[in-house]
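Single-structure report; data block below.
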Amino acid sequence: MTILNRFTAPTPKLFQRIRNVGLTLAAIGGVLIAAPIALPTTIITIGGYLTVAGGVLSAVSQLTVNDKNYSNDDE
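Quick note on the working numbering: the sequence shown kicks off at 129 and runs consecutively.
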C-alpha cells in the first residue's frame with residue numbers, strides 16, 4: 129500500500145477524532161507562537177511543542193486506514 133493510497137483510503141472514526149485533536153493542538157500552538165503581545169519564553173516554548181505534537185498526531189492519524197483486506201502477511 130503506497131502513501132497515496134493511504135491518503136485516499138477511509139480513516140477509522142477514532143483516528144478522525146485524534147486527527148481533529150491534533151489540528152486543534154497545532155492551532156493553539158500557532159496562536160501562542162504568533163501572539164501579538166509579549167509572552168514569557170516558557171509559553172512560546174509550550175506553543176512550539178503543541179504545534180509539533182499536533183502536526184505529528186494529525187499526520188499519523190491521517191495515514192491510518194480502515195482496510196480489512198490489508199495485512200502484514202502480504203509483504
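Note that beta-carbon positions come from the ideal geometry of N, C-alpha and C, so glycine has one too.
Look at the beta carbons and you see the region 168-181 not touching the region 130-140: under three pairs across the two are nearer than 8 Å. Around the beta carbon of residue 136, a 10 Å sphere encloses fewer than 16 other beta carbons of the protein chains shown; the residue is thus reported as exposed.
Secondary structure at residue 174: helix, using DSSP grouped into helix, strand and coil.
Straight-line spacing of the CA atoms in residue 181 and residue 155 works out to 11 Å. Given a length threshold of 3 residues, the region 137-169 has no whole run of the beta strand (DSSP E) inside it.
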